[in-house]
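In the UniProt record's numbering, the protein residues as written are 1 to 243.
For every residue, glycine included, the Cβ atom is placed at its ideal position computed from N, Cα and C.
All figures in this text were calculated on a predicted structure; none of them were measured in a lab.
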């Protein structure tokens, strides 16, 4: 890596750090570009901090405190307790104020991780949190598939890489197109039932550094499509990256 590229990357990180609070999305763009020009472990720390701030800005419909704790912890709703604990510890290493003190927002990111773990790390609190999200999307609950507060009504809007367009914006089946004298079927005017929780599926994501095929499990739960651009850890080269 040339000295010029290293200097350019450092300038990009400084700019991303300055923009973190006011414009985290553009800050993320600069931080990722810096890592492409000159990868450093500190670059990963900055990207992690920015991602947490973006997830914290998301307002989760149905959440008692409005937080998307799964998004902040960058895990899937179907992940096991051990998987979440491993992710929590890894993110804490990236955001701990003693290790990421050069970046603004590290203390807030670290605090958000601790709050997320207080909910998701406790079986009873996690169950109550999941139930509150499920009630939001249950028949008779508040309308919308989770997109209204996230920028997109019932469609595919989303914030921080989350797609909430799992449900159709229409809640009823279109009228029957049978002849005028026929009686419409009962399903033509019935409310569409909510889709069942989908089984998790595994995809292979190629690491941009060593080209290793990292396998990652994704799922759709309670109408919420999990982060498709969450931080992925490559077991071969021991680096974090985003697909």
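Item, Value
"Have a look at residue 22 and residue 213 and give me their C-alpha separation to the nearest angstrom.", "35 Å"
"Cβ of residue 27 within 9 Å of Cβ of residue 72?", "no"
"For residue 45, which residues in the same chain have their Cβ closer than 8 Å to its Cβ, ignoring the five residues on either side in sequence?", "94, 95, 99, 100, 103 and 106"
"May I have a chain-ordered list of the alpha helix (DSSP H) segments no shorter than 4 residues that lie completely inside the stretch 49 to 114?", "69 to 73 and 81 to 95"
"On the DSSP letters alone, give me the boundaries of the alpha helix (DSSP H) that residue 3 sits inside.", "3 to 19"
"So, is residue 125 buried or exposed, given that buried needs 16 or more other C-beta atoms within 10 angstroms?", "exposed"
"Within the same chain, show all residues whose beta-carbon is closer than 6 Å to that of residue 70, passing over the 5 residues directly before and after it, in chain order.", "77"
"In angstroms with no decimal places, state the Cα-to-Cα distance between residue 211 and residue 205.", "9 Å"
"Could you say which of 18, 75 and 61 lies nearest to residue 50 if we only look at CA atoms?", "18"
"Looking at the structure shown, is residue 34 part of a helix, part of a strand, or coil, going by DSSP?", "helix"
"If you measure between the beta carbons of residue 129 and residue 113, is that distance less than 9 Å?", "no"
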